[in-house]
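The opening position of the sequence shown corresponds to residue 5 in our numbering, with each subsequent residue numbered one higher.
Note that the Cβ used here is the ideal one computed from N, Cα and C, for glycine as well.
Remember, predicted model here, so these are calculated numbers, not experimental data.
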Amino acid sequence: MPEDGCSDNDQQNAPCTQRSTKAHARSLENTHSLIFKTSEGPKDGRPCTEVSQKVEVRLQNILECDYLQGSSPNARRTVLPKNKYEDPTAITAKPPGSSTRAKITYISPLSRLNITPLPPTPSMVGQPDQMTPILQTLHHFNTVTYCSMGSQLAQQVIKTCMHKLVVENPALLHAVNGVSAEHLCHLIPADQHPHQHRQHRLAAAYHWKEALRLFRSDLESGVVLQSIDALISTMMLVCVHQYMLDDPGPDAAKSFVDAPLERRRECLQWLEMGKGYQAVCRSLGDLVLQSIWGPVMQDAGYVVLPFWNHLQEDRTRTLFLDLCGITEQSSPEDNPFYVPLGHLLSYRHLGPCLNNFAKLIAFVGKLDGKFKELLLRLEKRALLILAHWLAMMTRTQQWWISQRSATECRSIVGYLMRDEDKRVRTLLEYPAAMVSVSL
């Protein structure tokens with residue numbers, strides 16, 4: 005795979021501004037239904053909260069663990085032993101005569117926000133005592149997790165512009181803590197540190213339960229219009245959450261390919277997140293490019309090369325066109341593979357590196373309902389196109405999507421490797437190599 009086009013993007017400090025407008029209120033109300041309802045959802049206006057219900061079940065399962073039933077009454081809330089773990093706000097020495105509150109304001113990475121402690125809200129009062137403390141997850145996001153959230157340009161936006169938004173928007177605050185806690189789960193395996201891992205899992209489940217509840221409420225009430233930046237930031241983190249595997253591991257049944265027919269659509273739900281995200285962007289119109297994420301959105305754009313004007317002939321391109329029946333007379337209207345394959349072949353000239361991540365992840369927004377139905381029917385051409393994209397995503401060094409990509413890609417390779425069509429076997433070589441499967 006060529007790696008050209010992977011040079012660092014020009015870094016610019018995106019302005020930390022907030023946009024608000026009433027002109028998009030109605031379209032955002034419609035967007036809410038796309039984000040929190042499925043196509044088979046109820047028609048009477050009641051929210052179909054499948055994602056939220058899954059988080060609720062996960063939280064309840066963790067709460068029922070025996071370590072929460074009193075088997076370890078003296079368990080500490082720290083991740084590391086006390087003598088090895090320091091207050092995450094203690095970056096420098098505490099100024100003489102200062103209080104703990106002053107210490108946080110003086111030395112915390114969030115100090116420029118001038119945080120004023122607020123009375124506990126009902127949701128904060130209901131926090132499980134056994135979960136990872138919020139200061140710890142906030143500190144981890146601010147120092148570690150943000151470095152794994154997309155291209156360097158996206159990381160710069162997070163580092164320089166999101167702090168103020170997090171303090172002002174409860175839904176975004178919980179989403180940030182949820183992603184951070186899940187990252188800690190990724191870094192601290194359950195088999196090596198079971199107690200700490202459970203703390204992080206509990207924190208992740210709690211924060212995502214609150215984030216989705218508050219975000220849904222904000223969408224319904226129109227509060228999100230007060231900060232377009234917070235809306236887009238929260239939506240991006242919700243997408244990150246959905247791309248993750250609930251419990252990463254070698255279980256092949258986590259893939260939609262190996263799932264029973266009645267669960268296949270549910271297992272492919274992660275691919276539907278692009279639909280809700282695209283709906284938000286369409287609702288906001290030009291405001292998207294005026295937000296703090298405008299530079300990242302522009303960076304995600306690229307020119308899709310025509311099928312017949314590619315820079316060079318190669319075997320993969322020729323085999324795909326032949327297998328998918330695409331000719332010079334083909335069009336997106338008469339061939340469901342036309343658009344996805346066009347984007348895929350263009351990606352191959354970009355290279356699957358970190359600074360092309362914004363372009364690569366945009367692929368999920370290019371898949372229409374017809375193509376997704378072909379995936380649900382396990383149509384081999386659709387599976388091959390998806391497998392090549394998943395193989396690319398495993399090389400982008402993004403922990404939150406690489407495990408999902410590898411699991412799904414491995415299952416597709418296993419499903420198609422016995423196909424008698426030599427073109428299929430040849431096209432499987434690249435994805436198989438990326439997930440270490442021998443054909």
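Taking residue i as the reference, which of the options has the closest Cα?
i, options, result
"M294", "S259, I232, S287", "At residue 294 the sequence reads Gln, which differs from the Met that was named. Minimum Cα distance to Q294 is reached at I232."
"A208", "L394, H187, L390, W393", "H187"
"M277", "R414, R217, H197, H245", "H245"
"T400", "K363, K213, T141", "K363"
"E337", "F375, L388, A436", "F375"
"A304", "F361, I162, Q196, H211", "F361"
"T136", "H201, E332, P193, F260", "H201"
"L432", "F367, Q402, A395, W404", "A395"
"F444", "V242, Y210, H197", "Nothing about residue 444 can be read from this structure; the chain reaches only from 5 to 443."
"V343", "L371, L249, L358", "L371"
"Y150", "V180, S225, P340", "V180"
"F324", "K384, R217, M438", "K384"
"P264", "M397, R381, H392", "R381"
"S184", "P435, K168, Y210, T320", "Y210"
"S389", "Y351, C357, W403", "The question names Ser, but residue 389 is Ile in the sequence shown. Among Y351, C357, W403, the Cα nearest to that of I389 is on Y351."
"G373", "N339, H178, S221", "N339"
"L327", "Q140, M240, F341", "F341"
"G355", "T331, L379, I330, H392", "H392"
"S287", "L223, F367, T331, L348", "L223"
"T141", "W274, H178, P174", "H178"
"L272", "I330, S415, S155, V171", "S415"
"W404", "M166, V161, H190", "H190"
"K168", "A437, I296, Q203", "I296"
"H353", "H204, M438, D318", "D318"
"S3", "G182, Q203, P174", "Here the chain covers residues 5 to 443 and nothing more, so residue 3 does not appear."
"R217", "M301, V148, L176, Q203", "L176"
Which class does residue i belong to by DSSP, given the choice of helix, strand or coil?
i, result
"W297", "coil"
"P198", "helix"
"G373", "helix"
"T430", "helix"
"R414", "helix"
"S231", "coil"
"E383", "coil"
"D425", "coil"
"V368", "helix"
"R399", "coil"
"D262", "coil"
"S442", "coil"
"E214", "helix"
"T164", "helix"
"C357", "coil"
"I192", "coil"
"M240", "helix"
"P435", "helix"
"L249", "coil"
"Q407", "helix"
"T272", "First, the amino acid is wrong: residue 272 is Leu here, not Thr. Coil, per DSSP."
"E332", "coil"
"Q134", "coil"
"N181", "helix"
Return the CA-CA distance between residue i and residue j, expressed in angstroms with no decimal places.
i, j, result
"Q282", "G369", "7 Å"
"S440", "G289", "42 Å"
"A386", "V428", "11 Å"
"E412", "S335", "29 Å"
"T238", "K426", "45 Å"
"S225", "G346", "40 Å"
"L420", "D262", "12 Å"
"I108", "H143", "For I108, the predicted model reports a pLDDT of 31, less than 50, meaning its position is unreliable; a value from the coordinates is still stated below. The alpha-carbon atoms of I108 and H143 are separated by roughly 12 Å."
"Y434", "T320", "9 Å"
"Q407", "M248", "7 Å"
"L235", "P198", "35 Å"
"S409", "T398", "6 Å"
"R268", "F260", "5 Å"
"E377", "I330", "19 Å"
"M1", "M240", "The shown model of the chain, from 5 to 443, leaves out residue 1, and the question about it has no answer."
Can you tell me where the alpha helix (DSSP H) with residue i in it begins and where it stops?
i, result
"K4", "Any answer about residue 4 is impossible in this case: the structure gives the chain only from 5 up to 443."
"G154", "G154 -> no alpha helix (DSSP H), and no H or E assigned at all."
"Q140", "138-147"
"R321", "319-328"
"P340", "No alpha helix (DSSP H) contains P340, which DSSP labels as neither H nor E."
Consider the Cβ of residue i: report whether some Cβ of chain C lies at a distance smaller than 7 Å.
i, result
"H353", "As a matter of chain content, chain C is missing from the structure shown, which is built from one protein chain."
The ligand MN and residue i: does the residue's C-beta get closer than 6 Å to at least one heavy atom of that ligand?
i, result
"L394", "As presented, the structure is devoid of all ligands, the ligand MN included, so that no description of it is given."
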